[in-house]
């Protein structure tokens, strides 16, 4: 008789376990659909005093120059505190961001800078084989997760380097889980005239970016959900 | 397009830049007799090469014997001054170099690095060449481009503007229009 009750108890608990699991998956699915539906929907009106914490992803070469060009026309008191992330092997980008932030601090006479600078492992080096890139992307993703949990930005600005993809995916997951709702803006690089970069293509197809900007009309024709904004440089 | 004449006896400098890359093919071809002769023929007096991470070392020359004066260096924290004093710029196809040069109104020949995997840089160079903002060349054909180029036919590039993006971002986030 004891065997029967213990059997039915384990049946019950495994049924319960399976039900919980199915419920969990269902909740996740509902949240994912909710987030995808909500992605791209403008936020409700806010006053300029309601500043948003902003993550700025920097990439080597022209990427940082383009990003700085964009930052110069954004009202910095609306996008604060600012967090800059660059790849660990990129020496120049964070320096340039420092210079920008210092010049802002100087001109406004504000003591202390409302900006932080961080480095992240690269998903993929230029020219690295796609096979080894799978592993390095996983490592970069774990590191990205760690940084994102600390920052939890409300706005993400990125313009193409591979470093931005894990960060944007994590921002998306944060939306699903409910850790933080963020608005993700992606500006495809000016060097992309006819074809999107890999980061751009992924973020466009997976509908992770809230707004996707392209600088050449050829891309807007090919990717109709993108906004054509002309050349930034 | 503006061409600067250095105060010293009509010195006309050709500045070659490869940015932070390694582009030996360009440095080599610019150092070739073919290209140097063509540059002399077009009235240039000096050739200054920023060679970046390349391993090919050009041959320096004072140019006292009427040949092209040649000099080179690896990197500089800012090439703005070199660009400003150049009469012609020959650059790799990096967007930073391209736009920095065009913003200064300097005539530009962009040379695409054919050894790069996934040559996305060539799209930008070709598009800007189609719009007549610069000339586009490959290392083997550079001397032909120099021989046939008509710098007066280049169209000045109007600098871009990031404010449309900023407006859209602000509007999306619910911030009031300025």
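Residue numbers (my numbering), protein chains in the order written: chain A, 3 to 235; chain B, 376 to 553. Don't be surprised by glycine CBs; every beta carbon is placed ideally from N, CA and C.
Cβ of residue i within 8 Å of any chain A Cβ
i, result
"residue 538 of chain B", "yes"
"residue 544 of chain B", "yes"
"residue 531 of chain B", "no"
"residue 400 of chain B", "no"
"residue 551 of chain B", "yes"
"residue 407 of chain B", "no"
"residue 547 of chain B", "yes"
"residue 502 of chain B", "yes"
"residue 393 of chain B", "no"
"residue 466 of chain B", "no"
"residue 470 of chain B", "yes"
"residue 535 of chain B", "yes"
"residue 512 of chain B", "no"
Delimiting residues of the beta strand (DSSP E) encompassing residue i
i, result
"residue 85 of chain A", "84 to 89"
"residue 553 of chain B", "Run containing residue 553 of chain B: none; DSSP gives neither H nor E here."
"residue 467 of chain B", "463 to 467"
"residue 120 of chain A", "117 to 122"
"residue 215 of chain A", "213 to 216"
"residue 424 of chain B", "421 to 425"
"residue 159 of chain A", "157 to 160"
"residue 404 of chain B", "Here residue 404 of chain B belongs to no beta strand (DSSP E); instead the alpha helix (DSSP H) covers 399 to 405."
"residue 450 of chain B", "Neither: residue 450 of chain B is in no beta strand (DSSP E) and is coded neither H nor E."
Endpoints, alpha helix (DSSP H) assigned at residue i
i, result
"residue 179 of chain A", "166 to 179"
"residue 504 of chain B", "496 to 505"
"residue 522 of chain B", "517 to 523"
"residue 474 of chain B", "470 to 478"
Residue-level contact to chain B via CB, residue i, 8 Å cutoff
i, result
"residue 169 of chain A", "no"
"residue 245 of chain A", "For residue 245 of chain A there is no data in the structure shown, the boundaries of chain A being 3 and 235."
"residue 213 of chain A", "yes"
"residue 193 of chain A", "yes"
"residue 216 of chain A", "no"
"residue 183 of chain A", "no"
"residue 177 of chain A", "no"
Beta-carbon separation (whole angstroms), residue i vs residue j, contact threshold 8 Å
i, j, result
"residue 72 of chain A", "residue 185 of chain A", "Contact doesn't hold; Cβ gap of about 15 Å is too wide."
"residue 187 of chain A", "residue 204 of chain A", "No, residue 187 of chain A and residue 204 of chain A are not in contact; Cβ-Cβ is about 15 Å, not under 8 Å."
"residue 192 of chain A", "residue 499 of chain B", "7 Å"
"residue 67 of chain A", "residue 86 of chain A", "With 8 Å as the limit, residue 67 of chain A and residue 86 of chain A do not qualify as a contact, their Cβ atoms being about 14 Å apart."
Interface positions of the region 477 to 500 of chain B facing chain E (Cβ-Cβ less than 7 Å), listed along the chain: No chain E appears in this structure, whose protein chains are A and B.
Residues, ordered as in the chain, of the region 90 to 108 of chain A that lie near chain B by beta-carbon distance below 9 Å: 94
Residues, ordered as in the chain, of the region 49 to 70 of chain A that lie near chain B by beta-carbon distance below 7 Å: Flagged, chain order: 50, 54, 63, 64, 67.
Contact set between the region 435 to 463 of chain B and chain A, restricted to residues whose Cβ is under 7 Å from the partner: none
Beta strand (DSSP E) runs contained entirely in the region 22 to 90 of chain A, provided each spans 3 or more residues: Taking only runs of at least 3 residues, the beta strand (DSSP E) segments lying wholly in the region 22 to 90 of chain A are 56 to 59, 84 to 89.
Against chain B: residues of the region 29 to 51 of chain A by CB proximity under 7 Å: Of all residues in the region 29 to 51 of chain A, 44, 45, 46, 47, 48, 50 have a Cβ within less than 7 Å of some Cβ in chain B.
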